[in-house]
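Asks: Chains as they are written, first to last, in my numbering: chain A, 1 to 303; chain B, 1001 to 1303; chain C, 2001 to 2303.
So that we are looking at the same thing, I have put the structure below in structure tokens.
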Amino acid sequence: MKLLVKDIVSFLGEDLQGVKGAVCDTDYVDNVADASHTNATTLDWINKSKQDKQQIAESSAAKVILATPEVVYSEQLDAQAKILLIVDNPRKEIAKIIDKFFLEKPLSGIHSSAVVDKEAKIGRDVFIAAGCVIGKCVIGDGCIINANVVVYDGCILGNNCLIQAGTVIGTDGLGCMREKDGSLIKFPHLGSVKIGDNVEIGANCQIAKGVLSDTVIGNGCKINGLCFIAHNCVLEENVWITGDTMLCGTVHVGRNATLFSNVIVRDQRQIGEGATIGMGAVVTKHVPAGETWVGNPAKKIEK
Amino acid sequence: MKLLVKDIVSFLGEDLQGVKGAVCDTDYVDNVADASHTNATTLDWINKSKQDKQQIAESSAAKVILATPEVVYSEQLDAQAKILLIVDNPRKEIAKIIDKFFLEKPLSGIHSSAVVDKEAKIGRDVFIAAGCVIGKCVIGDGCIINANVVVYDGCILGNNCLIQAGTVIGTDGLGCMREKDGSLIKFPHLGSVKIGDNVEIGANCQIAKGVLSDTVIGNGCKINGLCFIAHNCVLEENVWITGDTMLCGTVHVGRNATLFSNVIVRDQRQIGEGATIGMGAVVTKHVPAGETWVGNPAKKIEK
Amino acid sequence: MKLLVKDIVSFLGEDLQGVKGAVCDTDYVDNVADASHTNATTLDWINKSKQDKQQIAESSAAKVILATPEVVYSEQLDAQAKILLIVDNPRKEIAKIIDKFFLEKPLSGIHSSAVVDKEAKIGRDVFIAAGCVIGKCVIGDGCIINANVVVYDGCILGNNCLIQAGTVIGTDGLGCMREKDGSLIKFPHLGSVKIGDNVEIGANCQIAKGVLSDTVIGNGCKINGLCFIAHNCVLEENVWITGDTMLCGTVHVGRNATLFSNVIVRDQRQIGEGATIGMGAVVTKHVPAGETWVGNPAKKIEK
């Protein structure tokens, strides 16, 4: 796949702060790669966090490099006829370019082995992979549902969601009460799961339905694999949850909060807007907006 | 669905301590709901733990309310012609009523896409959903097996079990020994999994088979999603395990014990009858009956 | 199944240090069992770690016993005409014997309900169970893929791997960056998963593909159920990971390391060769070769 540099320039639009070096109409890249596999036609980039940006640019095997403004067009770069595409955040831009030009996406369609309830409402341009079991639910336009996913009756997915393989959406939670003899009475679940637009959920997760009202996952949330979102949780938009994390029942997570891996949050607790929860934290209290908490039990730290 | 109040009275039987207000033959309810969705025909209830029970009763939009004896039939309730059904634990009774009258349950039958070994013994009134793979095993009467569940050869499920989607029952455990060069020899597993009656297992769990004898899950146990029950664990009856919990090999859990979420219990340990293990606990020692342990490593606390 | 003692002797080969008692051509065993189910034709064994080996040998109901050299052929054993097969590690030898003679293994073949991409390269003597979804990938000779496993496009499995039910191999990782408004940009994943020979992966795991290069699992690794191996992790050979463990992105684990259950390792961290990580540990730093670390956060302990 040849991607012309002038097409990258066009795609970057206002994010492009400038170009250093001469661009010919025929200049192209045809791959992205990590440092050890970079070649002349790789589209390379230099992370903002690197100390030695100038040297990385000068020693890269690639002709075309996304870089921040502080990289100067030195004699050495000139001698190599390199092209610097200047942006504020090269890693973010390379991500967008890969997603647009290099990532293979499945064609829409429902695999013949998927079992989709005849009352399900499936949007346009939806991909449902082999082995999925989709109940009486709503799947928005442009969703990609990978293999062996199960969506129970009543769930609603917005547009452009991506659900990775093996995940289960809409199973019962399991709140119980004991009888005098110790036997367990489960509170039945009549609610459902309502997922917004542009949500990604990783592999082998469980998203439980609500008890009487719904479990809600807001627009733009990203949840990694093996996570457990219990009944009646409400995630506002753009919450990022990395792998193996569990939210107990009725947890509320504010917008733009980030929960790193293997976190557990006690039921009824609130994580404030923009808060950060560290890896392995056991959260037993409300976490105010913007704070960072870590540990078991989790406590506030200064960033 | 109209549910007559006189039929609720009949269903409650001995649990009903009395009725306050007049019941007509035609009085009915047709829904249950959370506080923000209650209407005139909701069957409402007031949790024992609430402080302001009288006020909740008087301000509820619902005509029919399950309440404890301390709610008095005030002038205000009389003026609204309300009906109080007096019970010891309203939340427990509403759970039973929902389960009986409001919860839609799957019709029995085996979905055409499920793969059931011809030597499997399937009881009466069993539901096996799409995508299940059921080996040479025994499934008791009235079981509900949701989508994409896998049951390996040799497993036995009692009557009226509910298995949520994606769970795997009867996989190998993975106890290993190292050779001198570091390579790993796995101890093979010849045992199986034996599950009692009225057991619920949540989504995407793994229940491992025993090594030589069986892994045993007693009658009435309730296990939430993403749990890992390792080889040769024995759970006595009515054990409640909430999500994301792991029992290592040969753990013994006494009857009526409760393990909250994201707990791990070391192999060979015993959790005594009626013990409680707190969220996120790392249990490395035996826990005596009736005690509550929390933390990493877990220690006893006074309740 | 009758297994002649002389065939066991032959199978043990150089591992057999000697035989105590007389072996007839017709002597046989026909089962292995735990202590409470041992009978005359059980092949019994005495773990190295037992204190009272002599007494166990003399009181075993079995005629044939794998034992260490310190068990003497007493008058009592002679009177019972017992046969002691002397080896250095009876538990290891019984594991090999069970695997060879007593364990039922699936016949090779691809179940008709499995969905295998027509561009997949499937080796000889491979078993692919019902409900599997296998993308454009390579599956080596002798692999056993249990039910409902998903392997994404591009993954490579070596020879003689065993994948337990419900596991997902090759899903995306989920590293994100935030835009100024908080919305999340996911870094796309172009890499894959490369698994060596003789690897076992337990049920309902997620093994994520690499971002630009591959996630690598070396020869002989054994990973138990519900584990999460994130993008670009590299596991050298013979790493043993027990259940419910998570390795964040780009973790490197040296050969012969052991990670016990419910461990989490922070991204970019290195676990040295032969290191041991205790149950429930939260590893935030590099762990040098040969050390043992436990706790949250994990710290070195003396063994």
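Every residue gets a Cβ at the ideal spot worked out from N, C-alpha and C, and that includes glycine.
1. Alpha carbon to alpha carbon, how far is C/Val2234 from C/Leu2003?
2. I'd like to know whether the C-beta of C/Arg2269 is nearer than 8 Å to at least one C-beta of chain A.
3. Using a Cβ cut-off of 8 Å, pull out every chain C residue sitting near B/Gly959, in sequence order please.
4. What does B/Gln1206 pair with, by DSSP beta-bridge criteria?
5. What is the DSSP secondary structure of B/Glu1075, reduced to helix, strand or coil?
6. Under 8 Å by Cβ, that's how I've got A/Gln206 and B/Gly1202 pegged, so tell me the actual separation to the nearest angstrom.
7. Let me confirm a value: C/Asp2214 is counted as buried when at least 16 other C-beta atoms fall within 10 Å, else exposed. Which label applies?
8. Can you name, in chain order, every residue of its own chain whose Cβ lies under 7 Å from the Cβ of B/Lys1050, other than the five neighbours on each side?
9. Roughly how many angstroms lie between the CA atoms of B/Gly1173 and B/Val1019, to the nearest whole one?
10. CB of A/Gly220 to nearest heavy atom of the ligand MN: below 7 Å?
11. Buried or exposed: which applies to A/Gly249, given that a residue is buried once 16 or more other Cβ atoms fall within 10 Å of its Cβ?
12. Should the segment 1136-1150 of chain B be called in touch with the segment 1165-1185 of chain B, which here means at least 3 C-beta pairs below 8 Å?
13. Rounded to the nearest angstrom, how far is the Cβ of B/Gly1278 from that of B/Asn1256, given a contact under 8 Å?
14. Cα separation between B/Val1126 and B/Ile1139?
15. I'd like to check one pair, B/Ile1110 with B/Ile1156: are the Cβ atoms closer than 8 Å?
16. Can you pull the DSSP bridge partners for C/Cys2176?
17. Could you spell out the range, first to last residue, of the beta strand (DSSP E) harbouring A/Leu85?
18. CA-CA distance, A/Lys290 and A/Gln268?
19. Please confirm whether A/Gly272 has its beta-carbon closer than 8 Å to some beta-carbon of chain C.
20. What number of angstroms, rounded off, separates the C-alpha of B/Cys1137 from the C-alpha of C/Leu2107?
21. Starting from A/Lys194, trace the beta strand (DSSP E) in both directions and tell me its first and last residue.
22. Taking A/Glu236 as the reference, give the member of A/Ile97, A/Thr245 and A/Ile223 with the closest Cα.
23. What number of angstroms, rounded off, separates the C-alpha of B/Phe1228 from the C-alpha of B/Thr1245?
24. Answer yes or no: do A/Val23 and A/Val5 have a C-beta to C-beta separation smaller than 8 Å?
25. A/Gly109 by DSSP, collapsed to three states: which one?
26. Give me, in chain order, the residues of the same chain whose beta-carbon lies closer than 8 Å to that of B/Ala1081; leave out the 5 immediate sequence neighbours on both sides.
27. In its own chain, which residues sit with a C-beta less than 7 Å from the C-beta of A/Ile58, not counting the 5 before and 5 after it?
28. Do you know whose CA, among B/Ile1163, B/Ala1114 and B/Thr1258, lies nearest B/Asp1197's CA?
29. Does the distance from the C-beta atom of B/Val1115 to that of C/Ser2113 stay below 8 Å?
30. I'd like the ranges of any beta strand (DSSP E) spanning at least 3 consecutive residues and lying wholly in the segment 23-75 of chain A.
31. Can you list, in chain order, the residues of its chain with a C-beta nearer than 6 Å to that of C/Pro2310? Leave out the 5 residues immediately preceding and following it.
32. Would B/Arg1266 be called buried (16 or more neighbouring beta carbons within 10 Å of its own) or exposed?
33. Just to make sure I have the definition right: I need the residues of chain B whose C-beta is within less than 8 Å of the C-beta of A/Ile185. Which are they?
34. Measure the Cβ-Cβ separation of C/Gln2017 and C/Val2072 and say whether it is below 8 Å.
35. For A/Ala176, which residues in the same chain have their Cβ closer than 6 Å to its Cβ, ignoring the five residues on either side in sequence?
36. Any idea which residues DSSP pairs C/Thr2258 with across the strands?
Replies: The answer reads as follows:
1. 42 Å
2. no
3. The displayed coordinates of chain B run from 1001 to 1303. Any statement about residue 959 of chain B would go beyond what the structure contains.
4. B/Val1168 and B/Phe1228
5. helix
6. 7 Å
7. buried
8. Ile1056
9. 54 Å
10. As far as ligands go, the structure on display features none, and thus does not contain the ligand MN.
11. buried
12. yes
13. Between B/Asn1256 and B/Gly1278 the Cβ distance is about 16 Å, and since that is not below 8 Å, they are no contact.
14. 8 Å
15. no
16. C/Lys2186
17. Ile83 to Ile86
18. Strictly speaking, residue 290 of chain A in this sequence is Gly, with Lys absent from that position. One C-alpha to the other measures close to 19 Å.
19. no
20. 18 Å
21. Val193 to Ile195
22. A/Ile223
23. 6 Å
24. yes
25. strand
26. Gly1021, Ala1022 and Lys1063
27. A quick correction: the sequence has Glu, not Ile, at residue 58 of chain A. Within the same chain, A/Glu58 has close Cβ partners Ser74, Gln76 and Leu77.
28. B/Ile1163
29. yes
30. 43-45 and 64-67
31. The structure shown has nothing for residue 2310 of chain C, since chain C only spans 2001 to 2303.
32. buried
33. Lys1092, Ala1095 and Lys1096
34. no
35. Ala is not the amino acid found at residue 176 of chain A; the sequence shown has Cys there. Once the five neighbours on either side are set aside, the close Cβ partners of A/Cys176 are Leu184 and Lys186.
36. C/Trp2240 and C/Thr2276
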